[in-house]
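Visitor:
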Amino acid sequence: MSKFPKLLLSLAVVGSLGGGVSFADEIKDGKKVFKKCRACHAVGKKAKNKVGPHLNDLFGRTAGALEGYKFSKAMKAAGADGLVWNNDTIDQFVTKPKKLIKKTKMAFAGLKKEKDRANLMAYLKSFDSDAGSDAAKDDKPVDKEASGEQTTKTASTTDGATQPKTASGSGGKLNIGRLALTEEVKAWDIDVRYDGQGLPPGKGTVAEGEPIFTEQCASCHGDFGEGVDRWPVLAGGQGTLEDDRPEKTIGSYWPYTSTVFDYIRRAMPFGNARSLSDDEVYALTAYVLYLNDIVEDEDFELSKENFNSIRLPNEKNFIADTRNEEPHYKPVTEPCMKDCKPEPAKLLMRARVLDVTPDGDHEGSLD
Ligand code: HEC
Ligand code: HEC
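Numbering-wise (the working numbering), the sequence shown opens with residue 682 and increments by one.
#1: Could you check if Val-775 belongs to the surroundings of ligand 1, using beta carbon to heavy atom distance under 7 Å?
#2: For Arg-874, I'd like the list of residues in its chain whose CB is within less than 7 Å of its CB, leaving aside the five on either flank, ordered along the chain.
#3: Can you give the Cα-Cα distance for Asp-769 and Pro-778, rounded to whole angstroms?
#4: Closer than 8 Å is the cut-off here; do at least three beta carbon pairs connect the region 711-724 with the region 800-809?
#5: When we look at the beta-carbon of Cys-1017 and count the other beta-carbons within 10 Å, is it buried (16 or more) or exposed?
#6: Based on Cα-Cα distance, which residue from Lys-806, Asn-998 and Val-962 lies nearest to Asn-737?
#7: Rounded to whole angstroms, what's the CA-CA distance from Asn-1049 to Leu-983? Just pull it up for me.
#8: Measuring CB atoms only, is the region 896-905 touching the region 973-980, in the sense that at least three cross pairs come out at less than 8 Å?
#9: Does the structure place the region 858-876 close enough to the region 908-923 that three or more beta carbon pairs sit under 8 Å?
#10: Is it right to say Ala-790 is buried, meaning 16 or more other beta carbons lie within 10 angstroms of its own, or is it exposed?
#11: Which whole-angstrom value is the C-beta distance of Cys-901 and Phe-951, which I expect to be below 8 Å?
#12: Check this for me: beta carbons of Ser-753 and Lys-784, under 8 Å apart or not?
#13: How many angstroms separate the CA atom of Asn-998 from the CA atom of Tyr-934?
#14: Give, in chain order, every unbroken run of the alpha helix (DSSP H) that is at least 4 residues long and sits entirely within the region 712-799.
#15: Buried or exposed: where does Met-1030 fall if 16 or more other Cβ atoms within 10 Å of its Cβ makes it buried?
#16: Near Arg-946, what residues of its chain come up, given a Cβ to Cβ distance below 6 Å and the 5 sequence neighbours on each side ignored?
#17: Can you tell me the Cα-Cα spacing of Phe-666 and Ala-964, whole angstroms?
#18: Is there at least one non-hydrogen atom of ligand 2 closer than 7 Å to the beta-carbon of His-902?
#19: Leu-970 to Pro-994, Cα distance in whole Å?
#20: If I follow the unbroken beta strand (DSSP E) through Ser-984, where does it start and stop?
#21: Find out if the Cβ-Cβ distance for the pair Gly-745, Ala-759 is shorter than 8 Å.
#22: Taking its Cβ as the centre, do 16 or more other Cβ atoms sit within 10 Å of Lys-687, making it buried, or is it exposed?
#23: Distance, Cα to Cα, Arg-1004 vs Ala-954?
#24: Taking 7 Å as the cut-off, is the CB of Ala-723 close to at least one heavy atom of ligand 1?
#25: For Tyr-944, which residues of its own chain have a beta-carbon under 8 Å away from its beta-carbon, when the five flanking residues on both sides are left out?
#26: Give a yes or no on whether the C-beta atoms belonging to Glu-907 and Tyr-968 are separated by under 8 Å.
#27: Examine ligand 2 and report whether any of its heavy atoms sits within less than 7 Å of the Cβ of Phe-894.
#28: Since I believe Thr-743 is in contact with Val-765 (beta carbons under 8 Å), could you give me their beta-carbon distance rounded to a whole number of angstroms?
#29: With distance defined between alpha-carbon atoms, name the residue in Lys-796, Met-756 and Glu-1015 nearest to Lys-780.
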């Protein structure tokens, strides 16, 4: 299975070597070589320092000088001695890192093939913003002649520009972290209110829900929601709420359809949560309603539009919590601090008489 695509891949590489090799081809092949570096190094617009420093704007950068990354002593010393990254020095370094810098912490054996190193160089160069490339912006290679060495830049002018904003300095009380992006808030904000507010667009029928349920839910909840072994029962139990052991299901107990939708969307299938599409969640909710005889037509389609028309039988038994209105819970604005009881406190009973104190020889001390 896996050999076939690989074979195709190597044919493609050989093919591209045969004809006139363009700079764009070199970059493309260099991208493949860079896979060996990718575990530790990032390039491109969102590049961060990983195990190793990011490699944007590498050409002309003093070794071991990128701010915000903790280099080995050896790499810093090499930079202090004047090592600047260019075609030649990068080539030497990636051929055999420890030969150029004996005590570097870059644990990489080296790239033996000259062709690989040349392609890699072209690829890295495409992330050099001073060379007029905007690959660092959109990750697309630029068609540009592989020029000679560029050794004029200093490290301090090149970092910063490519450093992503990370976890500090966004302000706020503690000046840590950063503000959540609108997209991030949107991705988390999936709750659905009892009145349907927050529902995503979508729809699904009972008939569409059935095969999904059979495949992804029935192994635990049973074909009819009856529950396998001790997995939760999803249907039935109507009329049992006053029993000693009530069977609380969606049909017998739950107040709102929105809870069913939200629960399935958020948490099911158990172990593979958030894998269902919105339409699948609508279809499954419709199917669970069907299992509970709340809808009876297999063609019934639940959608954002008709969602609120479906009420669960037990909704009316959920009542608003009015305890705050009882005198006992009335908010006390001015707490009483003096003469709060009309009479002085009286001793009504002793703990010993109440029989809360264990028997023993300590009686005298309690008087
Ligand atoms: C296993 C992780 C790892 C791999 C794989 C790796 N590197 Fe590194 N690289 C590092 C580390 C760690 C450093 C910092 C070395 C130091 O401080 O001594 C580094 C440093 C470098 C530097 C010096 C950067 C600077 O600012 O001084 C270059 C250039 C570099 N790597 C290129 C590459 C290339 C190209 C590849 C792929 C062919 C590669 N590395 C593969 C971990 C790795
Ligand atoms: C691997 C077993 C498993 C699978 C598969 C599974 N569930 Fe669940 N389901 C659970 C468990 C366990 C709970 C209770 C979780 C809890 O209480 O924290 C649960 C709870 C539920 C509940 C709430 C029941 C209640 O009364 O509290 C619903 C609704 C539900 N699942 C629907 C589904 C749907 C729809 C699917 C298929 C997309 C599915 N489940 C797949 C194990 C499973």
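In this text, a Cβ means the ideal position worked out from N, Cα and C, and glycines have one as well.
Guide: So, to answer that:
#1: Distances from the CB of Val-775 to the heavy atoms of ligand 1 include at least one below 7 Å.
#2: The answer, listed in chain order, is Ser-939.
#3: Their backbone Cα atoms lie some 13 Å apart in a straight line.
#4: Judged by Cβ distances under 8 Å, the region 711-724 makes contact with the region 800-809, as three or more pairs qualify.
#5: Under this definition Cys-1017 is an exposed residue.
#6: A check of alpha carbon separations from Asn-737 across Lys-806, Asn-998 and Val-962 identifies Lys-806 as the nearest.
#7: In the structure as shown, the chain begins at 682 and stops at 1048. Residue 1049 is therefore absent and cannot be evaluated.
#8: Flag = no, the region 896-905 and the region 973-980 do not touch.
#9: Verdict: no, contact absent.
#10: Flag for Ala-790 reads exposed.
#11: The pair is a contact, with the Cβ atoms about 6 Å apart (cut-off 8 Å).
#12: The answer is yes: Cβ separation under 8 Å.
#13: Distance from the CA atom of Asn-998 to the CA atom of Tyr-934, rounded to whole angstroms, is 9 Å.
#14: With a minimum length of 4 residues, the continuous alpha helix (DSSP H) runs that stay inside the region 712-799 are 754-761, 768-776 and 778-781.
#15: Exposed is the call here.
#16: Hits under 6 Å: Val-962.
#17: A query on residue 666 cannot be resolved here, the shown segment of the chain reaching from 682 to 1048 and no further.
#18: Answer for His-902: yes, Cβ within range of ligand 2.
#19: If you draw a straight line from the Cα of Leu-970 to the Cα of Pro-994, it comes to about 11 Å.
#20: First-last of the beta strand (DSSP E) with Ser-984: 982-984.
#21: If you check the CB distance, Gly-745 and Ala-759 come in under 8 Å.
#22: Bear in mind that the predicted position of Lys-687 carries a pLDDT of just 42, short of 50, making it unreliable; the figure below should be weighed with that in mind. Note on Lys-687: under 16 other CB atoms within 10 angstroms of its CB, so exposed under the neighbour-count rule.
#23: Separation of Arg-1004 and Ala-954 (C-alpha to C-alpha, rounded to the nearest whole angstrom) is 37 Å.
#24: Placement of the Cβ of Ala-723 at a distance of 7 Å or more from every heavy atom of ligand 1 is found.
#25: If the five residues before and after Tyr-944 are omitted, its C-beta is found closer than 8 Å to no C-beta atom of its own chain.
#26: For the 8 Å CB-CB criterion, Glu-907 and Tyr-968 do not form a contact.
#27: True, at least one ligand heavy atom lies under 7 Å from that Cβ.
#28: About 5 Å separates the two Cβ atoms, so the contact holds.
#29: The option with the nearest alpha carbon to Lys-780 is Met-756.
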